[in-house]
Every structure is written in structure tokens, then in C-alpha cells.
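Heads up: the sequence shown begins at 6 in this note's numbering, then just goes up one per residue. For every residue, glycine included, the Cβ atom is placed at its ideal position computed from N, Cα and C. Read the structure below first, then the notes.
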Amino acid sequence: MASVTLLKSTRVPSGAVNPRDYEQLVTYVLERENVRGLSEISVDITGHKRIQVLNRRFRGVDRTTDVISFRNAAPPHLQGDLAINVHQAAIQARKMRHTLRREMRLLLIHGILHLLGYTDYEPRPRRKMFKRQNAILRLWEKKHP
């Protein structure tokens, strides 16, 4: 079971984020990754400036990004915080020719996988992570269009 806290520190376009959808998707991802027990995840929907500050402060990288993850406790009692840049997501959605809602779901999955230890800094782990996140999203979308 997952407890999800959804925060919005910037304006979010209508239909891009649904709290119930996020709660169910977080639970689904954790189940697919065999995480059992209570998990607590907060998700801040934010913009370029705030995510750049977080990236600089905690990673030493002075630029914006699409999603950033902070794990506070590892499974079986996973605790973590995600920040998703809705403005960057909109850019990426247009580039990929899909909806903002789909891109936001993809970034949520990506952030959770980071909390679970997946990395995307080198080619081989990046391919594994992207393959996994895309597979989870496709399976989710079959049941939740």
C-alpha cells in the first residue's frame, strides 16, 4: 500500500494531474517492482526555477531537469520525495507527440524507479530503466487510458 501526498508549487494545466490516478499509479509501480509494505511518497508538481534550485542544492547540477527524486528510506518501508517539472514535461510531451498527462505519468514512474535504485547516468542502466518505465506505462495505460 502506498500513501501519496500530492503538492502543487506551480500552476498545473487542467487534466495533467489527477490525485487519484497518481495514488493508483504509485501503488501499481510498487507492486510491479515487488515492493511490499507501506510506502510514503510525496510528489511536488513544480516548475523550472524550483527544480533547478533543488538540482543545484542536492546534486550540484545548476540546471533545470524534468524529475528529481530523494529517497528517505529504502524498501520495505519506502519513503521518498519527488519533484516533477510540469513545464519541462510539457516541452517533452510536445516533442514526443503525446499528451501532457502521459508525460507526467511517465515522469512519475521514472522518479519512483529512481527511488528504488534505478539509475540513468550510464548507457546500460539507462536503457534498462527506460525499458522498464515504458513497459510499466504501457501496461498501466491498457487499464487506465
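Under the three-pair Cβ rule at 8 Å, the stretch 27 to 38 does not count as touching the stretch 52 to 69. Distance between residue 15 and residue 94, taken at the CA atoms: about 13 Å. In the DSSP assignment, residue 124 falls outside any alpha helix (DSSP H), carrying neither H nor E. Distance from the CA of residue 111 to the CA of residue 83, rounded to the nearest whole angstrom, comes to 20 Å.
Residue 119 counts as buried, since at least 16 other C-beta atoms from the protein chains shown sit within 10 angstroms of its C-beta.
Scanning its chain for C-beta atoms nearer than 6 Å, with the 5 sequence neighbours on each side dropped, one finds around residue 78 the residues 84, in chain order. Between residue 23 and residue 53, the C-beta spacing is not below 9 Å.
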